[in-house]
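Asker: Read in order, the letters of the sequence shown correspond to residues 5 to 267 in the numbering used here.
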Amino acid sequence: METGLAKKTVIVTGGASNIGRAISLAFAKEGANVVITDIDEVGGKRVASQANALGKGGVYKAVKLDVTKIADVEATIKKIVDEFGRIDVLVNVVGWDNVVLFKDTTPDFWDKVIEVNYRTYLNCVKSVLPYMIDQKCGSVVSIASDAGRLGEVRESVYSGAKGAVIATSKAIAKEVGRYGIRLNTVCPGMTIPKTEEVGETSMWKGAEGFFSGEMLEKIKKNYPLGRIGTGEDTANAVVFLASDAASFITGQTLSVSGGFSMI
Ligand SMILES: NC(=O)c1ccc[n+]([C@@H]2O[C@H](COP(=O)([O-])OP(=O)(O)OC[C@H]3O[C@@H](n4cnc5c(N)ncnc54)[C@H](O)[C@@H]3O)[C@@H](O)[C@H]2O)c1
Numbered sequence: 005m006e007t008g009l010a011k012k013t014v015i016v017t018g019g020a021s022n023i024g025r026a027i028s029l030a031f032a033k034e035g036a037n038v039v040i041t042d043i044d045e046v047g048g049k050r051v052a053s054q055a056n057a058l059g060k061g062g063v064y065k066a067v068k069l070d071v072t073k074i075a076d077v078e079a080t081i082k083k084i085v086d087e088f089g090r091i092d093v094l095v096n097v098v099g100w101d102n103v104v105l106f107k108d109t110t111p112d113f114w115d116k117v118i119e120v121n122y123r124t125y126l127n128c129v130k131s132v133l134p135y136m137i138d139q140k141c142g143s144v145v146s147i148a149s150d151a152g153r154l155g156e157v158r159e160s161v162y163s164g165a166k167g168a169v170i171a172t173s174k175a176i177a178k179e180v181g182r183y184g185i186r187l188n189t190v191c192p193g194m195t196i197p198k199t200e201e202v203g204e205t206s207m208w209k210g211a212e213g214f215f216s217g218e219m220l221e222k223i224k225k226n227y228p229l230g231r232i233g234t235g236e237d238t239a240n241a242v243v244f245l246a247s248d249a250a251s252f253i254t255g256q257t258l259s260v261s262g263g264f265s266m267i
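Take a look at the structure:
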């Protein structure tokens, strides 16, 4: 399969940890130039140097960026275009949640979940579109969750925010298909990082050892394929959807969750 990603410019938000880290490294393996944006600059630099060590000849850059701030997102995107000349792929990975019953949530918590999972997506897509429209091509892949397709207990607001990412991607895909721009969404299954894959500001930080062997066995039973997902599982699907091999695929939602959801 020809991905056509060598020398392409790829921006990954939340690339310093777990799933975003795996996605950044997967694009690096394809020979793409990868800009790893994250509030965790140290983690971003670590991933950039791991990408460099793969020896595929791309340019790997870590940029400190809080994607909740649209002015900062726009300024960073402009700098990236000034440096690389174009933006071929945006991967929206940033997200966050805390598991709690809806009856116990607060409006401040709703605001944070909506801001980190949905507003960040809007900020980034809005900021890259003018460049992609000028180029008459581009691909956006966003990480949602099966929670956004099924609704998940103790993740009510997160389910809604991820559902919004899925629906908005379809709507924008209909608007910008005429410019050769594609938007697709990937929904990972539970993806528990190894300690060395956890960034400083990851939602998994401090959760090392939280899951006992017994709990993990119970979790695995939810998945017909009988195992927990890895960042690479999701990264492979993202690379495919971003690539030339998926040039006739847009507005789609792909679960990479071992059969947890079959929609
Ligand atoms: N891990 C899972 O089990 C799982 C399952 C389904 C969906 N997801 C989704 O996958 C994505 C990645 O999850 P993960 O497990 O890798 O999380 P993670 O917390 O390990 O990584 C998220 C990264 O985003 C960064 N980030 C957070 N807020 C930011 C902001 N405002 N600006 C810039 N960077 C910011 C963090 O610093 C971190 O490096 C999220 O959207 C999550 O909702 C995860």
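Backbone N, C-alpha and C fix where the C-beta goes; we use that ideal spot for every residue, glycine too.
None of these values were measured; they are calculated from a predicted model.
1. Please classify residue 154: does DSSP put it in a helix, a strand, or coil?
2. Quick one: measure Cβ to Cβ for residue 32 and residue 8, integer angstroms, because I've assumed they're closer than 8 Å.
3. Starting from residue 68 and walking both ways along the alpha helix (DSSP H), at which residues does that stretch end?
4. Name the two residues that bound the continuous alpha helix (DSSP H) containing residue 25.
5. So residue 50 is in the beta strand (DSSP E); what residue range does that whole segment cover?
6. Using three-state DSSP, classify residue 216 as helix, strand or coil.
7. Using the rule of at least 16 other Cβ atoms within 10 Å of the residue's Cβ for burial, across every protein chain shown, is residue 53 buried or exposed?
8. My output table needs one value for residue 233: the three-state DSSP class, helix, strand or coil.
9. Using 9 Å as the threshold, is the C-beta distance between residue 257 and residue 205 below it?
10. Buried or exposed: residue 216, going by 16 or more other Cβ atoms within 10 Å of its Cβ?
11. Within 10 Å of its beta-carbon, does residue 75 have 16 or more other beta-carbons around it, so buried, or fewer, so exposed?
12. Over what stretch of residues does the alpha helix (DSSP H) that includes residue 76 continue unbroken?
Answerer: Well, looking at it:
1. For this step, residue 154 is matched to residue 150 along the sequence shown. DSSP places residue 154 in helix when its eight states are reduced to three.
2. Translated into the one-based positions of the sequence shown, residue 32 becomes position 28. Translated into the one-based positions of the sequence shown, residue 8 becomes position 4. With a beta-carbon spacing of about 15 Å, residue 32 and residue 8 fall beyond the 8 Å limit used to define contacts.
3. Residue 68 sits at position 64 when you count from the first residue of the sequence shown. No alpha helix (DSSP H) contains residue 68, which is instead part of the beta strand (DSSP E) from 64-68.
4. As a position in the sequence shown, residue 25 is number 21, starting the count at 1. Start and end: 22-33.
5. Position 46 of the sequence shown, counted from the first residue, corresponds to residue 50. Counting along the chain, residue 50 falls outside any beta strand (DSSP E), though it belongs to the alpha helix (DSSP H) covering 45-57.
6. Translated into the one-based positions of the sequence shown, residue 216 becomes position 212. Residue 216 carries a coil assignment under DSSP once its states are collapsed to helix, strand and coil.
7. Residue mapping note: residue 53 aligns to position 49 of the sequence shown, counting from 1. Around the beta carbon of residue 53, fewer than 16 other beta carbons sit within 10 angstroms, so the residue counts as exposed.
8. If you number the sequence shown from 1, residue 233 lands on position 229. In this structure, DSSP gives residue 233 an extended state, which the three-state scheme calls strand.
9. As a position in the sequence shown, residue 257 is number 253, starting the count at 1. As a position in the sequence shown, residue 205 is number 201, starting the count at 1. Cβ distance not < 9 Å, so residue 257 and residue 205 don't count as in contact.
10. Position 212 of the sequence shown, counting from 1, holds the residue named residue 216. Exposed, because fewer than 16 other Cβ atoms sit within 10 Å of the Cβ of residue 216.
11. Locating residue 75 in the sequence shown gives position 71, counting from the first residue. Looking at its Cβ environment, which holds fewer than 16 other Cβ atoms inside 10 Å, residue 75 is exposed.
12. Indexing the sequence shown from 1 puts residue 76 at position 72. That run of the alpha helix (DSSP H) goes 74-88.
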